[in-house]
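Undergrad: A single structure is presented below for examination.
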Amino acid sequence: MIDYPALWQAVLDLPSHRTAHSVHGPDHWKRVERNALIIATDSGADVEIVRLFALFHDARRVNEWEDPEHGARGAALAGLYRGKLFELSDESFEILHYACTWHTGGRHHENPTIATCWDADRLDLDRCGITPDPDYMSTNLAKKIAEHGSIDPWLNLVPTNLTP
Ligand SMILES: [Fe+2]
Ligand SMILES: [Fe+2]
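Residues 294 to 457, numbered by my numbering, are exactly what the sequence shown covers, in order.
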């Protein structure tokens with residue numbers, strides 16, 4: 294059982310350039326977590342991995358603009374904390390590591406957990422004034438949400454015991 298509040302706090306305590314409201318900051322991570330939990334109800338994604346992805350994928354950005362290596366650094370941070378602040382099997386960690394490393398460059402993925410991570414991130418693009426594009430989504434539910442233009446009708450799917 295992962296202690297998510299403690300893990301979030303450990304990441305938030307690291308020195309960084311951002312504020313809570315930075316475009317790629319904690320407010321965004323929370324929405325990615327929420328989006329991923331919604332998509333996972335349909336995609337069959339591993340909920341533990343998608344929650345970890347939400348926290349780590351943008352956690353090691355060094356700026357809010359051009360930073361092509363930030364996914365790899367987020368994956369490395371997850372590796373650093375694994376075994377200390379959370380436990381994860383080798384197989385699951387490999388998926389988390391891949392999802393973080395390639396979340397910007399990778400377009401579609403057939404693994405439902407990786408697909409859910411990436412779609413959850415992309416569904417939050419409207420914060421940058423970019424309308425999420427159904428063609429960039431890998432999961433059926435994220436495609437449907439992007440086509441609709443808002444995740445609001447699906448918010449009731451966030452499991453109440455996992456409310457971010
Ligand atoms: Fe990112
Ligand atoms: Fe992101």
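Idealized CB from N, CA, C, for every residue including glycine. Quick caveat: nothing in here was measured; it's all calculated off a predicted structure.
Could you round the C-beta distance between residue 409 and residue 329 to whole angstroms and report it? I think they count as a contact, below 8 angstroms.
TA: The residue given as residue 409 occupies position 116 in the sequence shown. The residue given as residue 329 occupies position 36 in the sequence shown. Right, their Cβ atoms sit about 5 angstroms apart.
Undergrad: Does the distance from the C-beta atom of residue 419 to that of residue 427 stay below 8 angstroms?
TA: Here residue 419 is taken as the residue at index 126 of the sequence shown, counted from 1. Here residue 427 is taken as the residue at index 134 of the sequence shown, counted from 1. Their beta carbons are not under 8 angstroms apart, which means residue 419 does not touch residue 427 by this criterion.
Undergrad: What do you reckon, is the C-beta of residue 363 under 7 angstroms from a heavy atom of ligand 2?
TA: For the purposes of this step, residue 363 is taken as residue 70 along the sequence shown, with counting starting at 1. Result no, Cβ not under 7 angstroms from ligand 2.
Undergrad: Taking its Cβ as the centre, do 16 or more other Cβ atoms sit within 10 Å of residue 326, making it buried, or is it exposed?
TA: In the sequence shown, counting from the first residue as 1, residue 326 sits at position 33. Counting the other Cβ atoms within 10 Å of the Cβ of residue 326 gives 16 or more, which makes it buried.
Undergrad: Pairing CB atoms from the region 346-360 with CB atoms from the region 375-384, are three or more of them under 8 angstroms?
TA: no
Undergrad: Hey, out of 443, 406 and 430, whose CA is closest to residue 345's CA?
TA: Sequence index remark: in the sequence shown, residue 345 carries index 52 (1-based). Out of 443, 406 and 430, 406 has the C-alpha closest to the C-alpha of residue 345.
Undergrad: So, is residue 412 buried or exposed, given that buried needs 16 or more other C-beta atoms within 10 angstroms?
TA: Position 119 of the sequence shown, counting from 1, holds the residue named residue 412. Within a 10 Å sphere around the beta-carbon of residue 412 sit 16 or more other beta-carbons, which makes this residue buried.
Undergrad: Taking the Cβ atom as the reference point for each residue, do residue 365 and residue 397 lie within a distance shorter than 8 angstroms?
TA: To locate residue 365, count along the sequence shown from 1; it is residue 72. To locate residue 397, count along the sequence shown from 1; it is residue 104. Going by C-beta atoms, residue 365 is not nearer than 8 angstroms to residue 397.
Undergrad: Quick check: what's the CA-CA separation for residue 341 versus residue 360?
TA: Position 48 of the sequence shown, counting from 1, holds the residue named residue 341. Position 67 of the sequence shown, counting from 1, holds the residue named residue 360. Those two C-alpha atoms are separated by around 26 angstroms.
Undergrad: Compare the Cα-Cα distances from residue 445 to each of 354, 294, 399 and 332 and report the closest residue.
TA: Indexing the sequence shown from 1 puts residue 445 at position 152. It is 332 whose Cα lies nearest to the Cα of residue 445.
Undergrad: If you check the beta carbons only, do residue 315 and residue 362 fall under 8 angstroms apart?
TA: In the sequence shown, residue 315 corresponds to position 22, counting from 1. In the sequence shown, residue 362 corresponds to position 69, counting from 1. No; because the gap between Cβ atoms is not below 8 angstroms, this pair is not in contact.
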